[in-house]
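Undergrad: First, the structure itself, so that you have it in front of you.
There are 2 protein chains.
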Amino acid sequence: MIFKRTTGEDDSIVAMLASALRRDIAFGSLMPDQKLKIAQLRQRYGGSNHSMRETLRLLSAEGLVESTTQRGFRVTSATEEDLRDIIMVRCQIETAALELALQHGDVQWEGRVMAAHHGLRKAETAVAATPDDLTALQWDEACKAFTATLIEACGSPRLMDLQEKFFNQSRRFRLALLREGRLDFDRRKARQQALLDAVLERDVKTALAVLAMDIEAELRAEPPN
Amino acid sequence: MIFKRTTGEDDSIVAMLASALRRDIAFGSLMPDQKLKIAQLRQRYGGSNHSMRETLRLLSAEGLVESTTQRGFRVTSATEEDLRDIIMVRCQIETAALELALQHGDVQWEGRVMAAHHGLRKAETAVAATPDDLTALQWDEACKAFTATLIEACGSPRLMDLQEKFFNQSRRFRLALLREGRLDFDRRKARQQALLDAVLERDVKTALAVLAMDIEAELRAEPPN
DNA sequence: ATTTCACAAAATGTTGGACATTTTTTGCCC
DNA sequence: GGGCAAAAAATGTCCAACATTTTGTGAAAT
Numbered sequence: 605m606i607f608k609r610t611t612g613e614d615d616s617i618v619a620m621l622a623s624a625l626r627r628d629i630a631f632g633s634l635m636p637d638q639k640l641k642i643a644q645l646r647q648r649y650g651g652s653n654h655s656m657r658e659t660l661r662l663l664s665a666e667g668l669v670e671s672t673t674q675r676g677f678r679v680t681s682a683t684e685e686d687l688r689d690i691i692m693v694r695c696q697i698e699t700a701a702l703e704l705a706l707q708h709g710d711v712q713w714e715g716r717v718m719a720a721h722h723g724l725r726k727a728e729t730a731v732a733a734t735p736d737d738l739t740a741l742q743w744d745e746a747c748k749a750f751t752a753t754l755i756e757a758c759g760s761p762r763l764m765d766l767q768e769k770f771f772n773q774s775r776r777f778r779l780a781l782l783r784e785g786r787l788d789f790d791r792r793k794a795r796q797q798a799l800l801d802a803v804l805e806r807d808v809k810t811a812l813a814v815l816a817m818d819i820e821a822e823l824r825a826e827p828p829n
Numbered sequence: 605m606i607f608k609r610t611t612g613e614d615d616s617i618v619a620m621l622a623s624a625l626r627r628d629i630a631f632g633s634l635m636p637d638q639k640l641k642i643a644q645l646r647q648r649y650g651g652s653n654h655s656m657r658e659t660l661r662l663l664s665a666e667g668l669v670e671s672t673t674q675r676g677f678r679v680t681s682a683t684e685e686d687l688r689d690i691i692m693v694r695c696q697i698e699t700a701a702l703e704l705a706l707q708h709g710d711v712q713w714e715g716r717v718m719a720a721h722h723g724l725r726k727a728e729t730a731v732a733a734t735p736d737d738l739t740a741l742q743w744d745e746a747c748k749a750f751t752a753t754l755i756e757a758c759g760s761p762r763l764m765d766l767q768e769k770f771f772n773q774s775r776r777f778r779l780a781l782l783r784e785g786r787l788d789f790d791r792r793k794a795r796q797q798a799l800l801d802a803v804l805e806r807d808v809k810t811a812l813a814v815l816a817m818d819i820e821a822e823l824r825a826e827p828p829n
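Those sequence lines, one after another, are chains A and B. My numbering puts the first residue of the first sequence at 605, with every later residue one more than the last. My numbering puts the first residue of the second sequence at 605, with every later residue one more than the last.
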């Protein structure tokens with residue numbers, strides 16, 4: 605290594621391995637129920653025996669990986685039931701957090717929400733026009749940023765942490781919907797706009813309802829095209 | 605080791621280390637913000653460098669331990685604000701789970717709830733009479749079992765997992781209340797009875813309200829004796 | 001006496017290799 | 001083809017070593 609951390613993010617090896625694995629799980633490159641053999645993973649992602657185990661332990665706590673004693677790790681299975689459970693919990697967490705955010709958020713927060721909404725709009729039209737891995741990744745990030753910004757004024761570090769974890773758990777389902785062209789971008793756009801409007805007007809009831817609707821829309825397989 | 609797993613629980617080393625650390629964090633033997641040096645912990649609890657790091661990584665994901673890059677691990681700090689946050693999240697999770705459980709629970713579940721309530725009553729009178737480490741531990745376990753049983757019919761593995769994690773996060777606060785004699789056992793008994801009654805009568809509204817009240821009671825420092 | 005700085009000591013993060021135990025696969029016999 | 005024993009692979013654990021980073025210490029300068 606000659607260059608000294610060009611980007612500021614030179615975090616620990618475990619963190620890098622974890623984000624690589626998270627990405628590959630989300631994109632389906634590591635498939636549900638797939639066995640995660642340490643040696644094999646090390647060949648693919650680098651890192652030592654030790655670091656890889658630590659990473660898997662971390663992802664296990666995040667719910668992306670399951671571990672069984674003496675039988676190693678595997679990608680968490682992804683059944684219809686899992687999706688329902690994840691979506692339900694996300695609904696609970698995010699609506700609770702949004703309600704708090706609507707109480708505590710100030711004008712600058714409103715600004716950040718508008719910015720995040722704008723970013724999401726751009727990313728969504730981009731991925732709708734030319735869907736590839738890059739636009740998909742950016743779209744996913746924009747989705748995440750929008751919700752994270754929405755609730756960042758809630759003042760509860762634990763709710764924000766939960767939001768991130770469960771969003772990560774739902775990523776692969778959402779990206780699958782995108783790949784299969786089962787997202788209704790028009791309706792999404794309408795919901796996002798309604799959500800933004802309600803938030804800016806501090807219409808708690810409407811905002812929570814629209815948010816819940818938007819989350820649960822990832823359950824129902826909207827127009828098969 | 606001569607005996608071969610008298611109890612069936614001979615899980616991995618990491619699991620044993622984790623439960624030992626959880627216990628000592630809950631009982632304040634490992635204090636908030638205390639630095640957790642690997643070598644020191646190994647001397648105290650056994651296990652290798654590797655296993656100990658893995659354990660700390662696990663507890664970190666559970667919120668009992670905080671990690672900073674290149675600066676190791678320390679026990680999560682326990683401020684008034686942390687307690688408020690934890691209690692708030694517990695309220696959200698457990699009420700949501702109880703509502704689902706009230707929809708799906710069958711008669712056998714009702715039986716288990718009654719049994720858990722009975723166990724809690726016994727443990728609570730025991731710890732009220734002679735408060736020591738043993739009765740405190742059993743009381744804590746009974747509290748956990750009661751809530752876990754209450755929501756076990758909710759059908760959501762993730763809600764149950766969250767309940768456990770956040771309950772563990774609040775353990776040391778609750779045990780501190782007990783040590784300082786700031787628990788009103790009479791009111792607790794009344795609330796628990798009311799909760800049980802409402803659950804058996806499937807009175808959702810009352811049950812949720814009482815549950816929320818019971819959780820939030822751990823915030824307000826009830827009668828200072 | 002206090003600040004600053006260089007240097008030594010301690011702690012962390014990472015790696016490789018080793019070994020016992022357990023699971024999974026393979027190949028053989030019936 | 002089914003069942004079983006041996007072989008192979010994988011997991012879980014440990015130790016020792018090293019680079020890097022943080023922390024503590026003590027001397028020099030103001």
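Don't be surprised by glycine CBs; every beta carbon is placed ideally from N, CA and C.
Out of curiosity, what's the CA-to-CA distance linking residue 633 of chain A and residue 782 of chain A?
TA: In the first sequence, the residue the question calls residue 633 of chain A occupies position 29. In the first sequence, the residue the question calls residue 782 of chain A occupies position 178. Their Cα atoms are separated by approximately 15 Å.
Undergrad: Does residue 681 of chain A pass the burial test, meaning 16 or more other C-beta atoms within 10 Å, or should it be called exposed?
TA: Start at 1 with the first residue of the first sequence, and residue 681 of chain A comes out as number 77. Under this definition residue 681 of chain A is an exposed residue.
Undergrad: Is there contact between the segment 635-650 of chain A and the segment 736-754 of chain A, where contact requires at least three CB pairs shorter than 8 Å?
TA: With a cut-off of 8 Å, the segment 736-754 of chain A and the segment 635-650 of chain A do not count as touching, because too few Cβ pairs lie within range.
Undergrad: Taking 7 Å as the cut-off, is the CB of residue 671 of chain B close to at least one heavy atom of the ligand MG?
TA: As for the ligand MG, it is missing from this structure, which has no ligand bound.
Undergrad: Pairs of beta-carbons, one from the segment 706-714 of chain A and one from the segment 753-760 of chain A, closer than 8 Å: are there three or more?
TA: The segment 706-714 of chain A is in contact with the segment 753-760 of chain A.
Undergrad: Please check if any C-beta of chain B sits within less than 8 Å of the C-beta of residue 690 of chain A.
TA: Along the first sequence, one-based indexing puts residue 690 of chain A at 86. Closer than 8 Å to some Cβ of chain B, the Cβ of residue 690 of chain A qualifies, so yes.
Undergrad: Drop a sphere of 10 angstroms on the beta-carbon of residue 651 of chain A, count the other beta-carbons inside from all chains shown, and report buried for 16 or more, exposed for fewer.
TA: As a working note, residue 651 of chain A is residue 47 in the first sequence. Classification of residue 651 of chain A: buried, given that the 10 Å Cβ count is 16 or more.
Undergrad: Would you list the residues sitting across from residue 672 of chain A in a DSSP beta bridge?
TA: Residue mapping note: residue 672 of chain A aligns to position 68 of the first sequence, counting from 1. Its beta-bridge partners are A:676.
Undergrad: Give a yes or no on whether the C-beta atoms belonging to residue 812 of chain A and residue 724 of chain A are separated by under 8 Å.
TA: Translated into positions along the first sequence, residue 812 of chain A becomes position 208. Translated into positions along the first sequence, residue 724 of chain A becomes position 120. It is not a contact, given that the beta carbons lie outside the stated cut-off.
Undergrad: Just verifying my parser: in three-state terms, what is the DSSP assignment at residue 821 of chain A?
TA: Taking the first sequence and counting its residues from 1, the one referred to as residue 821 of chain A is at position 217. Coil at residue 821 of chain A, not helix or strand.
Undergrad: For residue 819 of chain B, collect the residues of the same chain with a Cβ closer than 7 Å to its Cβ; drop the 5 residues on either side in sequence, then sort them by chain order.
TA: Here residue 819 of chain B refers to the residue found at position 215 of the second sequence. Result list for residue 819 of chain B: 691, 694, 695 and 698, in chain order.
Undergrad: Under 8 Å, do residue 740 of chain B and residue 779 of chain B count as touching if we go by C-beta distance?
TA: Here residue 740 of chain B refers to the residue found at position 136 of the second sequence. Here residue 779 of chain B refers to the residue found at position 175 of the second sequence. Yes, they are a contact pair.
Undergrad: Exposed or buried, residue 745 of chain B, counting other C-beta atoms within 10 Å across all chains shown (16 or more means buried)?
TA: Looking up residue 745 of chain B in the second sequence gives position 141. Flag for residue 745 of chain B reads exposed.
Undergrad: Rounded to the nearest angstrom, what separates residue 622 of chain A and residue 660 of chain A at their Cα positions?
TA: Along the first sequence, one-based indexing puts residue 622 of chain A at 18. Along the first sequence, one-based indexing puts residue 660 of chain A at 56. In a straight line, the C-alpha of residue 622 of chain A is about 8 Å away from that of residue 660 of chain A.
Undergrad: Just the C-alpha distance for residue 638 of chain B and residue 629 of chain B, rounded to the nearest angstrom, thanks.
TA: The residue given as residue 638 of chain B occupies position 34 in the second sequence. The residue given as residue 629 of chain B occupies position 25 in the second sequence. Each residue's alpha carbon lies about 10 Å from the other.
Undergrad: Per DSSP, what kind of secondary structure is residue 639 of chain A in: helix, strand or coil?
TA: By one-based count along the first sequence, residue 639 of chain A stands at place 35. Note: residue 639 of chain A maps to strand in three-state DSSP.
Undergrad: When the Cα atoms are used, what is the spatial distance from residue 792 of chain A to residue 786 of chain A?
TA: By one-based count along the first sequence, residue 792 of chain A stands at place 188. By one-based count along the first sequence, residue 786 of chain A stands at place 182. In a straight line, the C-alpha of residue 792 of chain A is about 12 Å away from that of residue 786 of chain A.
Undergrad: Within 8 Å (strictly less), CB to CB, does residue 735 of chain B reach chain A?
TA: Here residue 735 of chain B corresponds to residue number 131 of the second sequence, with the count starting at 1. Taking Cβ atoms only, chain A never reaches closer than 8 Å to residue 735 of chain B, which makes this a no.
Undergrad: Along the segment 751-763 of chain B, what residues have a CB closer than 7 Å to any CB found in chain A?
TA: Against chain A - using a Cβ distance shorter than 7 Å - the residues of the segment 751-763 of chain B are 760, 761, 762 and 763.
Undergrad: Considering residue 747 of chain B, what are the terminal residues of the alpha helix (DSSP H) in which it resides?
TA: The residue you call residue 747 of chain B lines up with position 143 of the second sequence. Where residue 747 of chain B is concerned, the enclosing alpha helix (DSSP H) stretches over 737-755.
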